[in-house]
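Residues in the sequence shown are numbered consecutively from 0, following numbering that gives the first Met the number 0.
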Amino acid sequence: MGRELTLFLIDAGELLQHVSRVVYRGSPLYYGCSSTNRYDDPARTYGVLDLGRDLPTALMESVFHKHQWLADEKRSIALKEVESRLVRAVGVLDDVRLADLTAEGVMAGCFGLNLEQLASRDYTHTQQVSAQVHAMLGDDGQPLFDGVLYPSRNNYPAKSIGLFERAAAKVGVVDDIDLVDHVDWPRFVATYRVGVEPDPGPVEPDDEAS
């Protein structure tokens, strides 16, 4: 590695956000290890929790992360989908140490990656970065970082957080807020020009076996 990584510190007392489904209300935070997200562990040995520092970034990296914004000019979401989501307000209980992947020269200098590899929907390269950062130890033999701070692909130039499971004790759910009740939801809808489509109603089954 050509240079050392920059530390980005999130102080205890700060509030982060994670978008989930209402069925998980009141449950512990889930650290995914399916290797299906950008900074998951490719070997599936540790979990990663994606967090945003604001609602738009948390939404764009979860609910809307597969939306083809350029191909589909109609930006919409079904009301039923909105009502199925909640925002988990996540409090930082102890200082969180992140490897700042957004710092100048880091991706090219440390990992040899270009913008195309960084933003690709093929997560091979970014997951390898996650594994490398997770394995870094300090002189005392302890892990250097609790996770990564990375550029949001879907809400650039905002930044997202991938928190490693080993740092789970440093954060906790303060509140679960229905997305429709979140104070920043109306502003998101207006700013990102998202249409909320009404529920079309129940669909009649073709037959009794449907």
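For glycine and all other residues, C-beta sits at the position ideal for the given N, C-alpha and C.
Source: prediction; values computed, not measured.
Residue Phe63 holds the alpha-carbon nearest to the alpha-carbon of Val81 among Gly90, Arg96, Gly111, Phe63.
The Cβ atoms of Gln126 and Asp49 lie no closer than 7 Å to each other. The beta strand (DSSP E) runs lying completely inside the region 1-57 and spanning 3 residues or more are 6-9, 14-20, 47-51, given in chain order. Between the alpha carbons of Ala98 and Trp184 lies a distance of about 30 Å. In the structure shown, Gly108 adopts helical secondary structure according to DSSP, grouped into three states. In this structure, Gly46 sits near Tyr30, with a CB-CB distance shorter than 7 Å.
Under the DSSP assignment, Pro150 falls in the beta strand (DSSP E) whose first and last residues are 146-150. Taking every protein chain shown into account, the CB of Lys79 has fewer than 16 other CB atoms within 10 angstroms, so this residue is exposed. Residue range 194-196 is occupied by the beta strand (DSSP E) that includes Val195, with no alpha helix (DSSP H) assigned at that position.
In this structure, the alpha-carbon of Glu164 lies about 23 Å from that of Ala102. In this structure, Asp94 sits near Asp10, with a CB-CB distance shorter than 7 Å.
Pairing Thr44 with Leu6, the inter-Cα distance amounts to about 24 Å. Put simply, the region 111-124 does not touch the region 18-29. Fewer than three CB pairs are less than 8 Å apart. Here the alpha carbon of Leu136 sits roughly 19 Å from the alpha carbon of Ala168. Of the other Cβ atoms in all chains shown, 16 or more fall within 10 Å of the Cβ of Tyr149; this residue is therefore buried. Taking 7 Å as the cut-off, the beta carbon of Leu178 is found closer than this to the beta carbon of Arg84.
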